[in-house]
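Worksheet: the structure to be examined is printed underneath.
In the numbering used here, the protein residues as written are 60 to 677.
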């Protein structure tokens, strides 16, 4: 009996082509998916050759790609899929963060592969294919979302690609996590291939942990065009003129000025060889890439799990100036810096505790005495941290760029004292201009009914609030109604505790004379400084979801943190008064000759104890 042509295709033994060889001869890029349509050329992204060809090594069962953006990682995966269809067909699965993403990638990237590359087109069975399950002679490819557990735990599969694993949603219930579920499906195959890839997020993230667990980890080394020294491309090698560096300092924290500096850096930056210190230009970059080599961190014979790290400095479409410009615009802003480290450098964000030592806080001392308002201040806010048998309070002044000054702080035993400080207290500048507290946030975690009753007497000044240990869906605060059984209506302000504590620590970390810094009065109590740094942000395992989350924890079990809480409440009050949108004070405070005095309120001792070792960072 004669075999049909497609039957012969299905049973044809695997060809001895590597993935890169197959791509060079068979892959065709179309106009929908590529800015450079036509036949695939390995010379355009030479570093992908080693990454792709690891897939065809018979002893390698697992591959990890931890990369930045724009390096061609997705194209490498598509080439591997094409190789499977053409050379060694079998059951396959690609898992994306969500099923919606899977549908989009199928339409925009995978289906065009089955329409343009000759041998893939030849093997494709359109009549049996859908958006999420593409059939070909000898196998199929199932496309799934990590948010669909049922699709991850059914049929056995030989080939598995897990794309953007650090963006997978947290798993709930008794099921295993999506990565484990998908991997379980490959266990029946001794010749299985599992590929994990992603831009990283944090050190506890899936891709970085997979990278660390590999038998061998590779970095791409390129030769210096002057001395020939082999080296990886790293951020420390990206250089720009000294004047750019000086202008960065002057523009610190100002997005518009930093953008202008970044544009100048974009056209004046270079890469410096780590050995001969010669300046390498963008025109020399491609020649270096073509002569590059993947260098392992250790020698292992026939490794089963290999990992590759590649940052965006290697991307042919990006110049050294592009990298420098992005860094300049990101460095002063934590969220943007984190994205730069993750998406451009392909490195995890190292969640170091913002352990601003007490001595660093005290470096922010001004020459202004306690109780006096700085002349450049616009308005005052207050924060009250309520404990079971006492309260801790803080008054702060605010000015341009959300620069803030500690005016006074202390401890109170009664609500009357809080009222005298925040409501009837008068604070003045050196030249006699007076200020009153414009808004005061009162924590309602303890003695809740007392807080509500107190705030209800002056709802225009005192706002009850409660911290949330979890993010509020991207919001800094929310407002809810308080049911007081027939009493006057009252609202509760629920705020993202972690965000505001981090905001305060970020301000403390600025230079004392820098706009937006967190200043303190002369001879500030050491106790205030210690409490301000009594907590740190760490990554902790959420046992319910199985994921790592940012949490705030005390540096020591006995550390008091009341002034960190009052500082965060003041920051929230300033936000409610729209400090970030103000360029000038609404109204200059009036000068009065006889301001009312602020009562003594068991103020914190001015005695400075010996600085402990942990404060000094020993």
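Beta carbons are placed, not taken as given, at the ideal position from N, Cα and C, and that holds for glycine.
Reduced DSSP secondary structure (H/G/I, E/B, other) of residue i
i: residue 532; result: coil
i: residue 347; result: helix
i: residue 76; result: coil
i: residue 559; result: helix
i: residue 202; result: strand
i: residue 723; result: The question about residue 723 has no answer, for the chain in this structure spans 60 to 677.
i: residue 399; result: helix
i: residue 221; result: strand
i: residue 163; result: helix
i: residue 662; result: Reliability of the predicted coordinates at residue 662 is poor, the pLDDT of 37 falling under 50, and no value is obtained from them.
i: residue 147; result: coil
i: residue 378; result: coil
i: residue 564; result: helix
i: residue 284; result: coil
i: residue 304; result: helix
i: residue 572; result: coil
i: residue 639; result: helix
i: residue 581; result: coil
i: residue 389; result: helix
i: residue 655; result: Because residue 655 sits at a pLDDT of 36, beneath the cut-off of 50, its placement in the model cannot be relied upon, and the point is left open.
i: residue 310; result: coil
i: residue 676; result: Note on residue 676: pLDDT 27, under 50, position unreliable in the model; the coordinate value appears next. Reduced to three states, the DSSP call for residue 676 is coil.
i: residue 319; result: helix
i: residue 546; result: coil
Residues sharing a beta bridge with residue i, DSSP
i: residue 329; result: 298
i: residue 279; result: 353
i: residue 195; result: 183 and 198
i: residue 465; result: 455
i: residue 595; result: 612
i: residue 339; result: 330
i: residue 539; result: 551
i: residue 291; result: 280
i: residue 361; result: Bridge partners of residue 361: none, in fact.
i: residue 487; result: 431 and 493
i: residue 261; result: 408
i: residue 424; result: 579
i: residue 324; result: Residue 324 pairs with nothing; no bridge assigned.
i: residue 471; result: 450
Extent of the continuous alpha helix (DSSP H) to which residue i belongs
i: residue 175; result: 170–175
i: residue 354; result: Where residue 354 is concerned, there is no enclosing alpha helix (DSSP H), although the beta strand (DSSP E) it sits in stretches over 352–355.
i: residue 253; result: From DSSP, residue 253 is part of no alpha helix (DSSP H) but of the beta strand (DSSP E) over 252–257.
i: residue 631; result: 621–635
i: residue 268; result: 265–272
i: residue 510; result: 507–516
i: residue 479; result: 474–481
i: residue 711; result: Past the boundaries of the shown model lies residue 711; the chain is included only from 60 to 677, so the question cannot be answered.
i: residue 243; result: 237–243
Pair within 7 Å by beta-carbon distance, residue i and residue j
i: residue 156; j: residue 227; result: yes
i: residue 502; j: residue 444; result: yes
i: residue 513; j: residue 383; result: no
i: residue 370; j: residue 127; result: yes
i: residue 301; j: residue 256; result: no
i: residue 338; j: residue 387; result: no
i: residue 579; j: residue 424; result: yes
i: residue 471; j: residue 450; result: yes
i: residue 176; j: residue 86; result: yes
i: residue 574; j: residue 462; result: yes
i: residue 343; j: residue 407; result: no
i: residue 367; j: residue 110; result: yes
i: residue 292; j: residue 105; result: no
i: residue 631; j: residue 500; result: yes
i: residue 119; j: residue 365; result: yes
i: residue 171; j: residue 89; result: yes
i: residue 185; j: residue 275; result: no
i: residue 637; j: residue 619; result: no
Terminal residues of the beta strand (DSSP E) in which residue i lies
i: residue 151; result: 150–155
i: residue 586; result: From DSSP, residue 586 is part of no beta strand (DSSP E) but of the alpha helix (DSSP H) over 585–591.
i: residue 523; result: 521–527
i: residue 364; result: 364–369
i: residue 496; result: 496–502
i: residue 443; result: 438–445
Could you tell me which uninterrupted alpha helix (DSSP H) segments, each at least 4 residues in length, are contained entirely in the segment 81–134, listed from first to last along the chain?
107–112
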